[in-house]
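Note that our numbering has the sequence shown beginning at 3, numbered continuously upward. This report refers to the structure that appears directly beneath it.
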Amino acid sequence: MKNKIFRKLFVKPKNPFSGFEVDFEEANYVFVGFPFDRTSTYRFGSRKAPNTIREASLNIETYSFRSGLYFEDLKIHDLGNFKIGKNFKKTFSNLKLAVSTIFSLKKFLVVLGGEHTLTFSVGEALPTNVGIISFDAHLDLRNEYLGKKFSHTTFMRRLAEKIGGDRLFFVGVRAVCKEELEFLENEKIKCLTLTEVKHQTVEEILKKIKEFASNFSGLYLTLDMDVLDPSYAPAVSNPEPEGLDPSLLYDILYGIGVNVNVVGLDLVEVSPDYDFGVTSILAAKTIFETLCSVEKGRRIKVFRG
């Protein structure tokens with residue numbers, strides 16, 4: 003009954019992600035879109051991203067050379083886009099309910115944003131023994147911005163207050179303010195800046211992430227596309243010079259996927275109107291590579307027993 007009720011919160015898309023889909027009950031990976039961008043302050047339009055990323059996913063090849071898997075062989079189901087109501091708090095409360103239901107059914111969650119604020123509701127709904135890795139150019143740890151306590155610049159602060167900073171790990175950060183750094187240090191939140199990432203090997207980076215993961219039963223990944231250099235991902239809500247290149251990001255994500263129990267992910271902050279589809283294609287590819295890595299890790303665990 004609960005399953006049927008929460009599915010009424012979504013509008014089914016004409017074209018499900020990748021075009022390959024099984025019934026919800028059979029699926030291991032469940033996609034939802036959250037087309038919300040009401041707190042954006044620079045580039046608007048991330049509400050359009052779930053559908054543009056779906057469209058891009060229909061037009062790229064599905065084989066992952068890192069994992070040796072075809073994305074079409076994964077059992078996925080796309081529930082569609084979440085119905086965004088006028089009541090801000092109710093919308094996020096409903097998202098939390100939907101996410102909790104999906105996790106209770108032992109499904110791997112994939113959320114297509116939308117702006118990064120959605121991670122607050124997902125984080126609230128996660129089991130308490132799950133840590134969060136945030137790939138992002140920004141910390142989003144301000145206490146307030148433009149008079150708002152909850153926005154795309156403050157939601158991680160609210161989440162840290164809600165679930166504890168010890169459950170957060172930031173990777174690729176390169177744009178912060180003094181207030182955020184002070185909060186990061188006071189709360190002893192783990193962080194690998196872009197400079198640190200670029201001066202370490204993938205193995206060294208993964209060692210730190212696996213040490214963090216050892217404190218939890220699983221990890222949730224949140225991928226803000228502005229973690230990438232704008233030359234690769236120009237159509238993001240808040241672009242920042244420098245950044246990761248896709249190959250390095252995929253190598254890190256592959257290492258996480260095959261070595262750690264990943265329970266879900268979101269991909270956020272694509273603003274499609276600011277390029278000709280390049281960033282949406284990259285977003286779709288990022289999901290392909292990440293889920294194939296997770297699937298490879300699951301198959302390795304099954305093989306090893």
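Where is the CB? At the ideal position from N, CA and C, for every residue including glycine.
Nearest C-alpha to LEU251 among ALA51, VAL113, PHE33 and SER136: SER136. Around the beta carbon of SER48, 16 or more other beta carbons sit within 10 angstroms, so the residue counts as buried. Rounded to the nearest whole angstrom, the CA to CA distance from HIS140 to GLY82 is 28 Å. Per the C-alpha coordinates, the member of SER219, ARG45, GLY133 and GLY70 positioned closest to LYS192 is GLY133. For GLY133, the secondary structure class from DSSP, reduced to helix, strand or coil, is strand.
Around the beta carbon of SER273, 16 or more other beta carbons sit within 10 angstroms, so the residue counts as buried. Here TYR222 is buried. Its C-beta has 16 or more other C-beta atoms within 10 Å.
Taking a C-beta distance under 8 Å as the contact criterion, PRO243 and LEU230 do not qualify as a contact pair. In this structure, GLU126 places its C-beta atom within 8 Å of the C-beta atom of LYS98.
Apart from sequence neighbours up to five positions away, the residues of its chain that approach TYR147 with a beta-carbon distance below 7 Å are SER153, THR155 and THR156, ordered along the chain. Listed as beta-bridge partners of THR155 by DSSP are no residues whatsoever.
Counting only runs of 3 or more residues that sit fully inside the stretch 206-266, the beta strand (DSSP E) segments are 220-226, in chain order. Residue state for PHE84 is assigned as strand, using DSSP reduced to three classes. Under the DSSP assignment, LYS192 falls in the beta strand (DSSP E) whose first and last residues are 192-195.
By the criterion of at least three beta-carbon pairs nearer than 8 Å, the stretch 205-223 is in contact with the stretch 265-272. Straight through space, the alpha carbons of PHE8 and THR203 are spaced by roughly 43 Å. The three-state reading of DSSP puts ILE78 in strand, counting E and B together. In the three-state reduction of the DSSP assignment, LYS150 falls in the strand class, which pools E and B.
Between PHE46 and ASP39, the C-beta spacing is below 8 Å.
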